[in-house]
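**Q** Take a look at this one; I'll ask things after.
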Amino acid sequence: MRPLTFTRLIVNCLYLAVILFVVMVIALKLGAVPVSLYGLAADLLQVLFHRTSALSSNYDLIVIDIRLPRILLGIVVGASLSVAGTAFQALLRNPLADPYILGASSGASLGAILTLIVQPYIALPLAISVVFTPVGAFVGAAVTIAAVYFLGRRDGTLDSNTLLLSGIVSGSFLSAIIMFLMSTLAGRGDLRGILFWLMGDLSTTLQPSLRWVLGVGFLIASGVIYSTASDLNLMLNGEKEAMHLGVDVPRVRLVVYLAASILTGIAVSVSGAIGYVGLLVPHVMRLIFGSDHRILIPTSAFGGAIAVVLADTLARTVVAPSELPVGAMTALAGAPLFIYLLRRKFA
Amino acid sequence: MQPANASTKEVRLSVEQVSYAYSPNPNQAPIFTLEASSFQARAGEIVAILGPNASGKSTLLKLIAGTQPPLSGRVLLNGETTHSLTPRVRAQRIAMVQQESPLLFPTRAWEFVLQGRHAYGGSLQFESANDMTIARNALSQVTASHLADRWMDQVSGGEKQRIVLARALAQQPVLLLLDEPTLHLDIGAQVGLLDTLRKLANENRYTVVIVTHELNLAAQYADQIVLLHKGKSLRVGPPGVVYQRELLEQVFQTPLAVEMESSGRPRVTVLPTS
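Which chain is which? The protein sequence lines are A and B, in order. Our numbering puts the first sequence at residues 21 to 367. Our numbering puts the second sequence at residues 6 to 279.
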């Protein structure tokens, strides 16, 4: 009998933070333009001390202005998807639930695309126009999850298979609508391509204010989910049992559903629909750290960040100077891992 | 002056004329109704809600637990309506052992028992030494200390049921509710579980309410029987009073013989239908 302690939680998170840091350094170094480790360290120090003018040469600008923001974006996207996946798995009592499979990512993509289509035609105050697309993505994710949830109910109870099939069907239906919209709007240069929304891509450059909004949004939504960590532990026993053990089930269900939809919206609005991260990272973390959400949620956030930054680095480099969508990379690595986990009895 | 043991003589659980109707669609006539039922239980008493399938036993248990509001009537636990308690306070007073509790991801027995402490801690609080002691005691009360480090999916049905009971004890409730606790157990495990419940009721003064259709186990262990038939509470009283041959034959739809044992408890034998 060795209960989870605060120390154990912090130590494990520190390990993962170190791994994430190493992955970040590798990701900064690798790319179409080679950068030496020494030059990299020197330039990072310059940036830390706000002496960007002293940066040595052009390729350092590539590192600081292009690669670093992209890595930070990958961290937020990966962490958001993994925490959302962990939350959906507990909430729906389904080890295969994640934003992508449940169709939420497609719903978020559609929501985001709709906001981009109407944006030129309506005058929005600046503060709203910055978050217009992420909010659209959140609404798209939330509506899709709600629809899939009700489609997945049979005789008043949530049926695991019906739920997943509803998610997959909704996802492909929404993808078809996205295809349709993008084809009819092919002339609009301000819309990103179909591939971006369906496979995911981290090459977008964001307005600085949007970066802050997304970062803070991620922290708040994850914090809200984390505050229900031990409730989620009991929800794994089913809602009835959780209720008898003192969980306010309707409240936890609503709060976690909204927060996980926000996380999905954040990730999809800036990177499109990246698959497998929200599904697999929580499982791998569960194998290593156990299924207690008080440790699973933070470790999944780190794991997701590591996975997406690694996948994106590979996507940038394996076919350099061309690029793969990061979603293709996560699928290439994720599908075999998924089969392996499935065969060895799901964790 | 009241006698020292007055509190244990007082009525702890009072079920007052509770009824319930279930209809899948509010415009339709209910497909199941539970007619007004009443009984009272004291500390240290075991009440068995007895009846065949679909007689309304589990519904009555849910109304007692307060997780479902009754259509009319009320359930009082130490003078408070169980339905209006918050989930947290309710879990500190009422523990429920359900028919089955499937697990999504494997946990160890001690982690499972610690779930019973949830109602006492904050969501992000880590288990205290006190919680660990309570969990250990709960496991030893059901003679399952040796199972603490086992995985929940690697214990037998009887062992699992004892661990589930330990989790209920870790809630430190005053009222223990069990829904068909002996359903998938062999006869040895059934007797073991009920012996444990009898001991817990006697020594720790829990009020225990069991839903069952096992005539003889109820007769052996219960202080009171609530006999349900098609949503109607037919008789309430000690086994010796409720167990009348004609009544039981009518309820269970099979020929029976009822004998009184020297202990004063009835024993039922199923007769072959000729």
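We put the CB at the ideal spot given by N, CA and C, even for glycine.
Let me see if you follow: with CB-CB separation under 9 angstroms, is A:Arg113 close to chain B or not?
**A** Closer than 9 angstroms: yes.
**Q** Check the DSSP bridge columns for A:His264 and list the partner residues they point to.
**A** None; A:His264 has no bridge partner.
**Q** Would you say A:Phe26 lies against chain B (beta-carbon separation less than 9 angstroms)?
**A** Closer than 9 angstroms: yes.
**Q** Could one say the Cβ of B:Ile215 lies closer than 9 angstroms to chain A's Cβ atoms, at least one of them?
**A** By this cut-off, B:Ile215 is not an interface position.
**Q** May I ask which residues mark the beginning and end of the alpha helix (DSSP H) holding A:Leu316?
**A** His313 to Thr337 is the span of the alpha helix (DSSP H), which, as asked, contains A:Leu316.
**Q** In its own chain, which residues sit with a C-beta less than 7 angstroms from the C-beta of A:Asn253, not counting the 5 before and 5 after it?
**A** Around A:Asn253: Asp312 and His313.
**Q** Pick out whichever of A:Gly310, A:His303, A:Ala335 and A:Val338 has its Cα sitting closest to the Cα of A:Ile359.
**A** For A:Ile359, the nearest C-alpha among the options comes from A:His303.
**Q** Can you tell me the Cα-Cα spacing of A:Thr337 and A:Ala280, whole angstroms?
**A** Whole-angstrom Cα-Cα distance: 32 angstroms.
**Q** Please check if any C-beta of chain A sits within less than 9 angstroms of the C-beta of B:Ile99.
**A** Cβ-Cβ to chain A under 9 angstroms: yes for B:Ile99.
**Q** Grab me the residues of A:Glu259's own chain with a C-beta within less than 6 angstroms of its C-beta, minus the 5 sequence neighbours each way, in chain order.
**A** So the list reads Val269, once near-sequence residues are dropped.
**Q** Extract the residue ranges of the alpha helix (DSSP H) inside the region 219–285 of chain A, only unbroken runs of 4 or more that lie entirely within it.
**A** As far as the region 219–285 of chain A is concerned, its whole alpha helix (DSSP H) runs of at least 4 residues are 228–247, 249–255 and 259–264.
**Q** Shorter than 9 angstroms from the beta carbon of A:Pro318 to some beta carbon of chain B?
**A** A:Pro318 does not count as touching chain B.
**Q** Can you confirm whether A:Ala367, when its beta carbon is compared against all beta carbons of chain B, has any partner nearer than 9 angstroms?
**A** Because A:Ala367 carries a pLDDT of 43, less than 50, the predicted location of this residue cannot be relied on, and the following value inherits that uncertainty. Cβ-Cβ to chain B under 9 angstroms: yes for A:Ala367.
**Q** Would the region 125–142 of chain A count as touching the region 190–202 of chain A if we require 3 or more Cβ pairs under 8 angstroms?
**A** Output reads yes: the region 190–202 of chain A touches the region 125–142 of chain A.
**Q** From A:Asp251, A:Leu184, A:Ile197 and A:Ile286, pick the residue whose C-alpha is nearest to that of A:Arg231; which is it?
**A** Closest by alpha carbon: A:Ile286.
**Q** Between the region 69–76 of chain B and the region 85–97 of chain B, do three or more beta carbon pairs fall short of 8 angstroms?
**A** The region 69–76 of chain B is in contact with the region 85–97 of chain B.
**Q** Secondary structure at B:His151, three-state DSSP: helix, strand or coil?
**A** Helix, per DSSP.
**Q** Against chain B, which members of the region 251–266 of chain A pass a CB distance test of less than 8 angstroms?
**A** Within the region 251–266 of chain A, the residues whose Cβ lies closer than 8 angstroms to some Cβ of chain B are Asp251, Asn253, Leu254, Leu256, Asn257, Gly258, Lys260, Glu261, Met263, His264, Leu265 and Gly266, listed in chain order.
**Q** Please compile the residues from chain A whose C-beta is within a distance smaller than 8 angstroms of the C-beta of B:Ala70.
**A** Residues of chain A passing the Cβ test: His264.
**Q** Taking 9 angstroms as the CB-CB cut-off, is A:Asp332 touching chain B?
**A** Chain B, which has no Cβ nearer than 9 angstroms to the Cβ of A:Asp332, makes this no.
**Q** Around the C-beta of B:Glu164, are 16 or more other C-beta atoms found within 10 angstroms, so that it is buried, or is it exposed?
**A** It is buried - the Cβ of B:Glu164 has at least 16 other Cβ atoms within 10 Å.
**Q** What in chain A is Cβ-close to B:Gly162, meaning under 8 angstroms?
**A** Those within 8 angstroms of B:Gly162 in chain A number zero; the least Cβ separation is about 17 angstroms.
**Q** So, are the CB atoms of B:Val280 and B:Leu253 less than 9 angstroms apart?
**A** As displayed, chain B neither begins before 6 nor continues past 279, which places residue 280 of chain B out of reach and without an answer.
**Q** According to the neighbour-count rule (16 or more other Cβ atoms, all chains shown, within 10 Å of its Cβ), is A:Leu362 buried or exposed?
**A** When all chains shown are included, A:Leu362 counts as exposed.
**Q** Anything in the region 296–307 of chain A with a Cβ closer than 8 angstroms to a Cβ of chain B? List those residues in chain order, please.
**A** Within the region 296–307 of chain A, the qualifying residues are Arg306.
**Q** Helix, strand or coil: which one does DSSP assign to B:Met6?
**A** With a pLDDT of only 41 at B:Met6, under the threshold of 50, the placement of this residue in the model should not be trusted, and no figure is reported.
**Q** Run through the region 87–137 of chain B for me and flag every whole beta strand (DSSP E) of 3 or more residues, listed as ranges in chain order.
**A** Here the runs fully enclosed are 99–102.
**Q** Considering B:Leu233, what are the terminal residues of the beta strand (DSSP E) in which it resides?
**A** Element bounds for B:Leu233: Gln229 to His234.
**Q** Where does the unbroken beta strand (DSSP E) through B:Val214 begin, and where does it stop?
**A** Note, B:Val214: beta strand (DSSP E), Thr212 to Thr217.
**Q** Report buried or exposed for B:Phe110, applying the criterion of at least 16 other Cβ atoms within 10 angstroms of its Cβ.
**A** B:Phe110 comes out buried.
**Q** Note the first and the last residue of the continuous beta strand (DSSP E) segment covering B:Gly242.
**A** Here the beta strand (DSSP E) through B:Gly242 covers Lys237 to Gly242.
**Q** What residue does the alpha helix (DSSP H) around B:Ile192 start on, and which one ends it?
**A** B:Ile192 -> alpha helix (DSSP H) spans Ile192 to Asn209.
**Q** Alpha carbon to alpha carbon, what distance is there between A:Val151 and A:Ser289?
**A** So the two alpha carbons sit approximately 10 angstroms from each other.
**Q** What residues from chain B crowd round A:Pro89, counting only those whose CB sits closer than 8 angstroms?
**A** None at all; the shortest Cβ gap to chain B is about 32 angstroms.
**Q** Can you pull the chain B residues whose beta carbon is under 8 angstroms from the beta carbon of A:Ser242, in chain order?
**A** Here the premise fails: no neighbours, minimum Cβ distance about 13 angstroms.
**Q** If the cut is a Cβ gap below 7 angstroms, which residues of chain B does A:Ser311 touch?
**A** In chain order: Phe110 and Thr112.
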